[in-house]
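Okay, structure first, notes after.
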Amino acid sequence: MSDIIRSSSSKGWPYECFDTQILRAEPSLIRFEEASSSRPQLPSIVPASESDRSDLFASTQRSLNIAATELRNGNVVAFPTETVYGLGADATNALAVSKIYRAKGRPSDNPLIVHISDTSMLDELVEKSDVSPKESNISAAYQCLIDAFWPGSLTLLFPVRRLHPSSKDKGKQRAVLPDIVTSGLQTVGLRMPSHPLARSLIAQVGRPIAAPSSNASGRPSPTTAQHVFYDLGGPLDADLIKGERSETNGGINGNALQTPRGRIRYILDGGPCYVGLESTVIDGITDPGEIRILRPGGVTVEEISFALASRNLLVDENGENHADSTGKVRVRVYGKDMERSAAQEANPTTPGMKYKHYSPNARVVLVDVGSSSARANGAVCTLKDMLQAELGPLAETAGAEAAHIGFMAPAGSNLAQAVASLASRSASESEGASRVKKFSMHLDGNHARTAALFLYDLGAPESPGEGAQRLFAGLRVLDEAPQKCQVIFVETMKADRIGLAIMNRLEKAASERISIDL
Numbered sequence: 001m002s003d004i005i006r007s008s009s010s011k012g013w014p015y016e017c018f019d020t021q022i023l024r025a026e027p028s029l030i031r032f033e034e035a036s037s038s039r040p041q042l043p044s045i046v047p048a049s050e051s052d053r054s055d056l057f058a059s060t061q062r063s064l065n066i067a068a069t070e071l072r073n074g075n076v077v078a079f080p081t082e083t084v085y086g087l088g089a090d091a092t093n094a095l096a097v098s099k100i101y102r103a104k105g106r107p108s109d110n111p112l113i114v115h116i117s118d119t120s121m122l123d124e125l126v127e128k129s130d131v132s133p134k135e136s137n138i139s140a141a142y143q144c145l146i147d148a149f150w151p152g153s154l155t156l157l158f159p160v161r162r163l164h165p166s167s168k169d170k171g172k173q174r175a176v177l178p179d180i181v182t183s184g185l186q187t188v189g190l191r192m193p194s195h196p197l198a199r200s201l202i203a204q205v206g207r208p209i210a211a212p213s214s215n216a217s218g219r220p221s222p223t224t225a226q227h228v229f230y231d232l233g234g235p236l237d238a239d240l241i242k243g244e245r246s247e248t249n250g251g252i253n254g255n256a257l258q259t260p261r262g263r264i265r266y267i268l269d270g271g272p273c274y275v276g277l278e279s280t281v282i283d284g285i286t287d288p289g290e291i292r293i294l295r296p297g298g299v300t301v302e303e304i305s306f307a308l309a310s311r312n313l314l315v316d317e318n319g320e321n322h323a324d325s326t327g328k329v330r331v332r333v334y335g336k337d338m339e340r341s342a343a344q345e346a347n348p349t350t351p352g353m354k355y356k357h358y359s360p361n362a363r364v365v366l367v368d369v370g371s372s373s374a375r376a377n378g379a380v381c382t383l384k385d386m387l388q389a390e391l392g393p394l395a396e397t398a399g400a401e402a403a404h405i406g407f408m409a410p411a412g413s414n415l416a417q418a419v420a421s422l423a424s425r426s427a428s429e430s431e432g433a434s435r436v437k438k439f440s441m442h443l444d445g446n447h448a449r450t451a452a453l454f455l456y457d458l459g460a461p462e463s464p465g466e467g468a469q470r471l472f473a474g475l476r477v478l479d480e481a482p483q484k485c486q487v488i489f490v491e492t493m494k495a496d497r498i499g500l501a502i503m504n505r506l507e508k509a510a511s512e513r514i515s516i517d518l
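Going by UniProt numbering, the first residue of the sequence shown is number 1, and it counts up by one from there.
Dropping the structure here:
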């Protein structure tokens with residue numbers, strides 16, 4: 001069978017389809033040689049000493065070769081990073097980048113982050129200094145953050161390099177990156193990922209890779225290859241076809257359900273992402289005296305401030321008011337100590353600032369728990385009151401099926417304990433890799449039905465990084481079969497350190513926020 005099959009969907013999505021393949025690779029086999037001033041760090045795959053790992057060594061080489069060839073040929077590949085899985089294309093190839101937008105189903109009016117494997121790529125992409133044309137225009141604060149957090153989950157906004165005009169440019173300078181990457185802006189977000197497979201793939205391609213998250217637009221970001229496969233490998237579109245078929249009473253050809261519906265050819269599988277949230281995005285060029293955190297992520301505000309302070313680059317809030325000749329800066333956070341800007345969100349300089357992001361099909365509701373926080377945030381109700389208000393309407397729409405309600409909370413938290421004490425444990429549990437406990441609850445009043453409650457474990461309360469790693473997986477688990485929750489309640493947390501990034505994602509996913517007293 002050909003690997004390209006035309007879509008028979010009435011929506012014409014996604015123009016052409018593929019038999020999506022998952023390419024297994026082992027990150028622990030990748031090593032990087034030491035870099036020198038004249039040569040970037042180069043990856044190598046180290047043969048395993050154990051004979052039973054020899055097949056894994058060969059498959060890792062083969063998988064990287066296939067993925068690199070696909071990217072060099074102007075196509076897209078999903079690949080793992082430490083944050084989330086990305087959907088990559090050659091950042092210098094406008095046609096290749098357009099395939100990212102097509103596969104994700106999102107408009108091309110939002111700039112993409114460009115991933116690099118070493119600082120030599122950074123030098124090729126960043127505007128040169130006016131003082132020294134051979135040197136990149138990198139501030140002391142940026143150099144500090146590069147030294148501290150690259151490779152890693154930090155994206156820095158830079159002025160994109162512009163080339164001297166040639167005769168065909170009619171005297172106009174053009175950027176080294178096409179407008180489809182930067183949305184026509186004069187800046188670009190750059191990141192050097194720390195995931196060995198990501199860096200190795202970029203180095204093998206030899207070109208910078210533009211890559212947003214590899215989910216279908218609007219859905220929760222993927223943190224495993226299986227998440228990517230659901231969104232871009234066929235199952236999501238098959239579910240859409242089933243929905244169309246039921247809506248049109250069988251009007252779609254039944255054979256369409258058997259048609260491979262992948263939107264991309266290859267997914268490089270390197271296992272689960274170990275950070276689980278997208279990168280922190282920083283703007284240090286709009287105001288030279290400020291480091292503006294536009295999107296919190298895997299590198300926390302506290303870590304950024306500490307790194308800058310360790311090099312005496314952080315403004316003393318008690319004395320200095322602004323940057324001085326030493327290059328000191330103030331750290332500010334968008335939406336926290338920087339006012340939100342409707343104009344910037346309508347015309348963003350970075351991903352993650354536009355549209356409703358990270359949303360499952362289920363309605364997401366944030367829950368403030370505890371008497372003090374609850375009263376501070378408005379009307380207070382009990383957990384039972386909250387569930388009764390939800391269960392009545394849900395039971396009516398669910399018909400003969402039980403209403404499905406999801407919860408996401410740290411292990412042993414007040415909300416988790418309250419759910420367990422209010423409902424009875426179901427005989428059929430779904431614990432294990434899915435981290436879900438199932439309960440049942442009988443509806444009071446006139447509704448003679450039982451509601452199914454699913455509690456997803458976000459990890460230990462004292463380990464919020466665990467919650468970050470599990471966040472998107474939890475939204476997906478509760479949203480998809482067999483749980484298929486109609487509403488998901490998520491316990492809020494303190495918005496500091498990694499909690500700031502977690503709450504940023506949840507606030508974008510949620511439709512409302514309520515307070516309960518336990």
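Beta carbons are placed, not taken as given, at the ideal position from N, Cα and C, and that holds for glycine.
- For G74, same chain residues with a beta-carbon under 7 angstroms away, outside a window of 5 residues either side, are D90, N93, L95, A96 in chain order.
- For P196, the uninterrupted alpha helix (DSSP H) run begins and ends at 196-205, by DSSP.
- Between the alpha carbons of S279 and G298 lies a gap of roughly 5 angstroms.
- When DSSP states are grouped into helix, strand and coil, Q61 belongs to the helix group.
- Residues of the same chain with a CB within less than 6 angstroms of the CB of T155, apart from the 5 flanking positions on each side, are I113, G189, R191, S279, V281 in chain order.
- The Cβ-Cβ distance between L268 and A78 falls below 9 angstroms.
- Non-local beta-carbon contacts of S221 in its own chain, meaning distances under 6 angstroms to residues more than five positions away in sequence, involve V84, S213, N215, F472 in chain order.
- Ranking G499, G270, P111 by CA distance to the CA of S183 puts P111 first.
- Setting aside the 5 residues that flank it on each side, L383 is surrounded in the same chain by L415, A418, V419, L422, I516, L518, each with a C-beta closer than 8 angstroms to its C-beta; the list follows chain order.
- Taking the CA atoms as reference points, V364 sits about 30 angstroms from K99.
- A Cβ-Cβ separation of about 6 angstroms places I498 in contact with T300 under the 8 angstroms criterion.
- By the C-beta density criterion, K104 is buried, having at least 16 other C-beta atoms within 10 angstroms.
- At the C-beta level, A409 and Y456 come within 9 angstroms of one another.
- For S63, the number of other beta carbons within 10 angstroms of its own is at least 16, and it is reported as buried.
- Annotation for M503: the continuous alpha helix (DSSP H) segment containing it runs 498-509.
- For E124, there is no enclosing beta strand (DSSP E); the residue is part of the alpha helix (DSSP H) that begins and ends at 119-125.
- Closest option to G233, judged by alpha-carbon separation, among I264, T224, V205: I264.
- For Q21, the beta-bridge partners assigned by DSSP are Y266.
- V315 places its beta carbon 9 angstroms or farther from that of R292.
- Per the C-alpha coordinates, the member of V181, V228, F158 positioned closest to D287 is F158.
- Distance from the CA of V181 to the CA of P80, rounded to the nearest whole angstrom, comes to 20 angstroms.
- Secondary structure of T450 (DSSP, three-state): strand.
- Where A78 is concerned, the enclosing beta strand (DSSP E) starts and stops at 77-79.
- Setting aside the 5 residues that flank it on each side, I138 has no residue in the same chain whose C-beta is closer than 6 angstroms to its C-beta.
- Shown here, V46 sits in coil according to DSSP, grouped into three states, outside any helix or strand.
- Taking the Cα positions, M441 is about 57 angstroms away from V160.
- Taken atom to atom, the span from the alpha-carbon of R261 to that of R199 is near 29 angstroms.
- DSSP, read as helix, strand or coil, puts Y142 in helix.
- In the structure shown, S217 falls within a coil segment according to DSSP collapsed to helix, strand and coil.
- Rounded to whole angstroms, the gap between the alpha carbons of L201 and S59 is 14 angstroms.
- At least 9 angstroms separates the beta-carbon of T223 from that of G152.
- By the neighbour-count criterion, in which 16 or more other beta carbons inside 10 Å mark a residue as buried, Q186 falls on the exposed side.
- For R513, the uninterrupted beta strand (DSSP E) run begins and ends at 512-516, by DSSP.
- Distance from the CA of P27 to the CA of M386, rounded to the nearest whole angstrom, comes to 45 angstroms.
- The three-state reading of DSSP puts I304 in helix, counting H, G and I together.
- For T155, the enclosing beta strand (DSSP E) begins and ends at 154-159.
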